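So the sequences go chain by chain: A and B. If you're matching positions, the first sequence starts at 4 in our numbering and goes up one per residue. If you're matching positions, the second sequence starts at 2 in our numbering and goes up one per residue. Since the structure comes first, as structure tokens, the remarks are kept for the end.
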Amino acid sequence: MALDEYQKRDFKIIGTRPQRPDGIDKVTGRAQYGADFYLPGMLTGKLLRSPHAHARIKSIDISAAAALQGVKAVVTGNDFPGGAKGDTLDVQDHCLARNVALYDGHAVAAVAATSAKIAQAALELIKVDYEILPHVTSIEAAMPTGAPLVQEGRRGRKIPEEYSDNCTGMCEFGHGDLDAGFAKADLIIERTFKTSSTHQGYIEPNACLANMGPDGRADMWCCTQGHFQVRNLCAQMMGMDQSALRVTASEIGGGFGGKTTVFIEPVALLLSRKANLPVKMVMSREEVFKASGPTVASLTDVKIGMTKDGVITAADALIRYEGGAWPNMTIFPGAQSAFACYDLSAVRAQGLNFLTNRPLQAAYRAPGAPQSIYAVEAVVDELALELGLDPIDVRLKNAARKGTKSSYGPTYDEIGLIPLLEAAKAHPHYTAPLGPNQGRGLSSGFWFNFGGETCVSLAIDFDGSVTLVEGNPDIGGSRASMSMMAAEELGIPYEKVRTIVADTASLGHNEVTHGSRVTFSVGLATIKAARAAIKEMCRRAAKTWGIDEEAVVWEDGYAKPAGANAGDHEPLSLAQIAAKSSRTGGPIVGHHEVMAEGAGVSFGVHICDIEVDPETGFTKVLRYTVLQDAGKAIHPDYVEGQMQGGAVQGIGWALNEEYIYGEDGRLQNAGFLDYRIPVASDLPKIDTVILEIPNPGHPYGVRGVGETGIVPPLAAISNAMSHAINVRMSELPMSPPRVLKAIKDKG
Amino acid sequence: MVKVTVWGSLRAATDGQAEVEVDASTFKEVLDALQLNYPGLTDQIEQGVSMAIDGKIYKDSWFTPVKPDSEVILMPLMQGG
């Protein structure tokens, strides 16, 4: 059996709930976030942003701004040295326009000055001559031929003629004979669903501090989900060696996918290079809304056929996403995941992506999956309702299981969907009575999970404590989880392990913290690094005792002779071996570098009760239960937190959150007053049920839990709404005006 | 020979075939053979692909072995949030 395959064992630390290592720092204000770094002589950087949705930049006159006392640098997009290509050039253009402003809020120039006040004054002295161009901000408007063109030369290959040149790509997944499948159906339902663009709503605005010296070497501190990614993108844009830029990740006040790329970091470097001084940039909340990366918006047609007894005979979807003014890949996971919860003999999911004059989309927990699965789960619910079947029974009858050929291709290994549905059916929530104007909804959800490049170093310190160095920002409890896995392997207390997140100069490349990869991948590397250290400690013990290495075993934190033939030696603890390590061969360090593969897919099932006020259309969430397969919950508090957090964000997406653009193509609600995310007083306690169906590809069975939780709420709440008001709504968010209109239109 | 399933929108590059056969024993050899036999796949492969081999998704592991009876599915590059 390979070392990274699941092996059943009894845990001492895994599954317990020790104190989080960052808790005291965060509640006392000691933790350093992106805006908390200062250097002598530091300047303030600010960006001038386009007031137009689409405009050619005929000229930019920076002379007056540059001449203002206190201004040390003014740059535009044409100041980048030209090293960026392909997708990286798109990201660079999103950070700072070169010749065309492509969305309301698109940065067109930047200033670094000795104070924020002077920087702001300088921005007002920059004269930009715009030629306003036609704009398009919705999928419906961007699709047809003749639509205003966002960018030339971006049309994808083999796009059907009926679509405009804004269509940047298409994809198709599935198998089986759809026509034959639909012919077998007793009932076919076909509907169109729409979701709005939403923001991750992280509490900490993007912030960074860049310091480039005259030798061309630089340091940066920033809040990010992936500082290696920040380094690599910035180095390419700046024409630097990657090793010439050291990036340190700060603590992070939320990311949820939104901080997997760069927005201000390359601009801060550009300013620092020109000013030869450190430059700090902090986005305002308005800037975060306007010019970071919200989700794709969607327009999805779903058609599903079902027999009277609830067997799905065929399923088809046409999914259209818009993700701003540059191409993106989110349509792929959207189309792949649409029907991933089902075992289907005839299935097809087609995807199309369109450009619009909006900021470039970024990931948001399970990117692309909530939108497409929402549409599918709503139609499944309606079929069950029309046929008088229980929605869980219908899902159980059609659920993906081990051996199912998934709708996106691979055959599933061990997965947890059926146990989750059975647990949902047995949960008291599912049969609790409902009152007037109340409805209950249910939805399944899915995410792939994955691995990626990962490096870990684990040092056995002389006093028997352990320092674990990883390279992924801790956005969901990874320091606690890694410490627990290291302690479990080493057989020492959790408190003896300190895990830190190292800068980019201290480890090899680490893939971004995204895709629910860290507990799986960094955990795998941590376990292997600990095992490498154990092997070395056993070797040191063997040398000390004068016996063969193979005659030493590691048990509960001690090196012990393996049986009577190894001789009678007093076991040596980790601390005893560490204390003598200088005399037995030098420091003891275990490390592991890997392209982690073998992540196990994750499923979730949510149950939701709502009550609708028929007078106002206001919806109150009364009760909410999340059931999810974690594979193995390393620290259940964090797992439950991920499940609850995903549910809450999905509730906001379903009921209130949306980017609202005016006829002028400008964003009208760039602030939390007008962009309403759920707060604690809006919500009931989110109940959680963790199931543990081990991932065969991880030594402890870990799957990853961060993504899946945001997938089911959209349909769970939509389905609850249908039962509460007896109208099938098909557009999110189901905000009070829309709900009220649906009720009134029903008559 | 290994059977490789390509997703729907790539089938224009494989003469409409959902499944193609290539002579390969590793992840990298599958990609090389696909590009050699079906040059229309090159853009997508260079842009980045994942591969599911016997149910496990591999991002870019060249030397992962592929057996003649393996289930091999070409997939888009994974991303996450």
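The beta-carbon is built from N, C-alpha and C at its ideal position, and this holds for glycine as well. These figures come from a predicted structure and were not determined experimentally.
Quick one: does residue i have its CB under 9 Å from some CB of chain A?
| i | result |
| --- | --- |
| TYR59/B | yes |
| SER26/B | no |
| MET2/B | no |
| LEU35/B | no |
| GLU72/B | yes |
| THR15/B | no |
| THR43/B | no |
| PRO77/B | yes |
With residue i as the anchor, note down where its beta strand (DSSP E) starts and where it stops.
| i | result |
| --- | --- |
| MET52/B | 50-54 |
| GLY455/A | 455-463 |
| CYS211/A | 210-215 |
| CYS611/A | 605-615 |
| LEU3/A | Any property of residue 3/A remains undetermined from this structure, which presents chain A solely from 4 to 750. |
| LEU625/A | 622-632 |
Could you check what DSSP says for residue i in three-state terms: helix, strand or coil?
| i | result |
| --- | --- |
| MET79/B | coil |
| ILE322/A | strand |
| TYR561/A | strand |
| ILE689/A | strand |
| GLU289/A | helix |
| VAL398/A | In the sequence as presented, Val is not what sits at residue 398/A; that position holds Arg. DSSP places ARG398/A in helix when its eight states are reduced to three. |
| ALA25/B | coil |
| CYS170/A | strand |
| PRO281/A | coil |
| GLU380/A | helix |
| VAL2/A | Because residue 2/A is not part of the residues shown, which for chain A are 4 to 750, the question remains open. |
| MET240/A | helix |
| MET4/A | Its pLDDT being 42, under 50, MET4/A is placed unreliably by the model, and the measurement read from it follows with that caveat. DSSP places MET4/A in coil when its eight states are reduced to three. |
| THR751/A | What the structure shows of chain A is the stretch from 4 to 750, and residue 751/A is not part of that stretch, so it cannot be assessed. |
| GLY712/A | helix |
| ASN356/A | strand |
| TRP548/A | helix |
| GLU596/A | strand |
| HIS432/A | helix |
| ILE654/A | helix |
| SER468/A | coil |
| ASP90/A | helix |
| GLN441/A | strand |
| LEU99/A | coil |
| ALA543/A | The question names Ala, yet the displayed sequence has Arg at residue 543/A. Residue state, collapsed to three classes: helix. |
Hey, does residue i have any beta-carbon neighbour from chain B nearer than 9 Å?
| i | result |
| --- | --- |
| LEU6/A | Low confidence applies here, because LEU6/A scores a pLDDT of 47, under 50, leaving its location unreliable and the question unanswered by this model. |
| TRP557/A | no |
| HIS178/A | yes |
| TYR411/A | yes |
| GLU165/A | no |
| SER519/A | yes |
| TYR377/A | no |
| THR619/A | no |
| PHE14/A | no |
| THR522/A | no |
| GLN353/A | yes |
| PHE453/A | yes |
If you measure from the CB of residue i, is any heavy atom of the ligand PLP nearer than 8 Å?
| i | result |
| --- | --- |
| TYR664/A | In terms of ligand content, the structure shown is empty, and the ligand PLP therefore cannot be addressed. |
List the endpoints of the continuous alpha helix (DSSP H) containing residue i.
| i | result |
| --- | --- |
| ASP346/A | Premise fails: ASP346/A is in no alpha helix (DSSP H) and is neither H nor E. |
| ALA145/A | 142-145 |
| MET488/A | 481-493 |
| GLY159/A | From DSSP, GLY159/A is part of no alpha helix (DSSP H); its letter is neither H nor E. |
| LEU126/A | 119-128 |
Are the C-beta atoms of residue i and some chain E residue less than 9 Å apart?
| i | result |
| --- | --- |
| GLN80/B | The question asks about chain E, but that chain is absent: this structure's protein chains are A and B. |
Subject >> At least three beta-carbon pairs within less than 8 Å, the region 579-599 of chain A to the region 456-464 of chain A >> reply: Contact between the region 579-599 of chain A and the region 456-464 of chain A is present, because at least three Cβ pairs lie under 8 Å.
Subject >> the region 713-733 of chain A contacting the region 433-453 of chain A, beta-carbon criterion three pairs below 8 Å >> reply: Below 8 Å, enough C-beta pairs join the region 713-733 of chain A and the region 433-453 of chain A to call them touching: three or more.
**OP:** Can you give me, in chain order, the residues of the region 494-517 of chain A that have a beta carbon less than 7 Å from any beta carbon in chain B?
**Re:** HIS517
Subject >> contact_flag[the region 285-294 of chain A, the region 223-240 of chain A] where n(CB pairs < 8 Å) is 3 or more >> reply: no
Original post:
For the region 320-338 of chain A, which residues have a CB atom closer than 8 Å to at least one CB atom of chain B, in sequence order?
Top reply: Residues passing the 8 Å Cβ filter: MET332, THR333, PHE335, PRO336.
**OP:** Anything in the region 257-286 of chain A with a Cβ closer than 9 Å to a Cβ of chain B? List those residues in chain order, please.
**Re:** Answer in chain order: GLY258, PHE259, GLY260, GLY261, THR263.
Original post:
Quick one: any contact between the region 388-401 of chain A and the region 733-749 of chain A, if contact means 3 or more CB pairs under 8 Å?
Top reply: no
**OP:** Would you check if the region 327-339 of chain A and the region 366-384 of chain A touch, i.e. whether three or more CB-CB distances between them fall below 8 Å?
**Re:** yes
Original post:
With a cut-off of 8 Å, do at least 3 Cβ pairs link the region 511-526 of chain A to the region 464-481 of chain A?
Top reply: yes
Original post:
Between the region 115-135 of chain A and the region 54-68 of chain A, do three or more beta carbon pairs fall short of 8 Å?
Top reply: yes
Subject >> Contact set between the region 151-175 of chain A and chain B, restricted to residues whose Cβ is under 7 Å from the partner >> reply: LYS161, MET173, CYS174, GLU175
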